[in-house]
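In order, the protein sequence lines correspond to chains A and B.
The numbering used here puts the first residue of the first sequence at 1341, with every later residue one more than the last.
The numbering used here puts the first residue of the second sequence at 5, with every later residue one more than the last.
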Amino acid sequence: MDRETIRTILSHFTVGIGGAGGLGSNCAVALARSNIGTLIIVDFDTVSEANLDRQYFFLPQVGQPKVAALKDTINTINPNVTVQPFIERVTRDSIARLFASCDIIVEAFDSAETKLMFLETCMQLFPEKPLITATGLAGYGNSTGMKVRTSGNLIIIGDESAEVSPDNPPLAPRVGIAAAMQANEAIAKLVEIYSNEETYAHRIK
Amino acid sequence: MRIVLNNETIELPEHTEISVKDLLDYKQWSFPLIIVKRNGNLIQRNEWARTIIHDGDTVDAIHLVSGG
């Protein structure tokens, strides 16, 4: 499939991203560069200087809401992408409203508790939607330990063990690998949905 | 019984069926933050004790750790 065909296909789709930190910001930019149609990005937080060790933000953006800063960055790269930023906490009660229009959902939170809440709620509300999570991406090295496995509509990225701690921080390369793998799997899934007339016709909008 | 657990075929010779909770105990998986899917479908935490896994089922247990 050639470059323009892939970019045209992706322009028809909406990806929802829960969290605009290390995973979410890098995944969003990779999808924007690939010409995704719409990104729905949800995060309550503002950019801090410490975030710049791995998140796709810049010093002049410190203090801005992450989703607003990310929208600016994405549209500086690719003005064709529609970014819908939501400055709010994702909760069990807000997921239906925020993510119902997405073709694919990316879980990009930091805390394991939030990951669990988000995944369980998405699977209950939208069992038919592909859902891409990342777990186990702290530290450095073991690049080939970053794996992909699938369980129904859930795609799991990461080594499934390396937890963030004071002695095992999240660093730009490994978080970036996981975020790029999430974007990569999203693209593969969207092309698959597009190529299958039945799933494309029945996709939930 | 034989099941596929996290993409690996395992034998449970002592069992003909097993609950999700007993399987997690058997594997000594006591992580609090785990998602369990049977044949691709989410099994809610409050259903673990009464959800039975049968011979030939596919079970995925996904351990969520912090980092992002």
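The C-beta atom is built at its ideal place from N, Cα and C for all residues, glycine as well.
Note that the coordinates shown come from a computational prediction; the quantities given were computed from them, not determined experimentally.
Interface flag, residue i vs chain B, CB-CB below 8 Å
i                       : result
residue 1496 of chain A : yes
residue 1504 of chain A : yes
residue 1441 of chain A : no
residue 1419 of chain A : no
residue 1471 of chain A : no
Expected contact under 8 Å - CB spacing of residue i and residue j to nearest Å
i                       : j                       : result
residue 1311 of chain A : residue 1526 of chain A : Chain A is shown only over 1341 to 1545; residue 1311 of chain A falls outside these bounds and no answer can be derived.
residue 1502 of chain A : residue 1516 of chain A : Not a contact, Cβ separation roughly 15 Å.
residue 1383 of chain A : residue 1364 of chain A : 7 Å
residue 1380 of chain A : residue 1462 of chain A : Their Cβ separation, rounded to whole angstroms, is 13 Å, which puts residue 1380 of chain A and residue 1462 of chain A out of contact at 8 Å.
residue 72 of chain B   : residue 1359 of chain A : 6 Å
Chain A contact for residue i (CB, 8 Å cutoff)
i                     : result
residue 71 of chain B : yes
residue 25 of chain B : no
residue 39 of chain B : yes
residue 68 of chain B : yes
residue 50 of chain B : no
Residues that residue i contacts on chain A, provided the C-beta gap is smaller than 8 Å
i                     : result
residue 28 of chain B : None at all; the shortest Cβ gap to chain A is about 15 Å.
Three-state class that DSSP yields for residue i in the structure shown
i                       : result
residue 21 of chain B   : strand
residue 1405 of chain A : strand
residue 1419 of chain A : coil
residue 1444 of chain A : strand
Cross-chain neighbours of residue i in chain A, by beta carbon under 7 Å
i                     : result
residue 64 of chain B : 1491
residue 44 of chain B : 1491 and 1492
Under 7 Å from the C-beta of residue i: neighbouring residues of chain B
i                       : result
residue 1474 of chain A : 72
residue 1365 of chain A : Within 7 Å Cβ-Cβ: nothing; residue 1365 of chain A doesn't reach chain B, min ~10 Å.
Beta-carbon neighbours of residue i, restricted to chain B and to distances below 8 Å
i                       : result
residue 1424 of chain A : What residue 1424 of chain A touches in chain B: nothing, since even the nearest Cβ is about 21 Å away.
Q. Looking at chain B, which residues of the stretch 1449 to 1462 of chain A have a Cβ within less than 8 Å of any of its Cβ atoms?
A. 1449, 1450, 1451, 1452, 1453, 1455, 1456, 1459 and 1460
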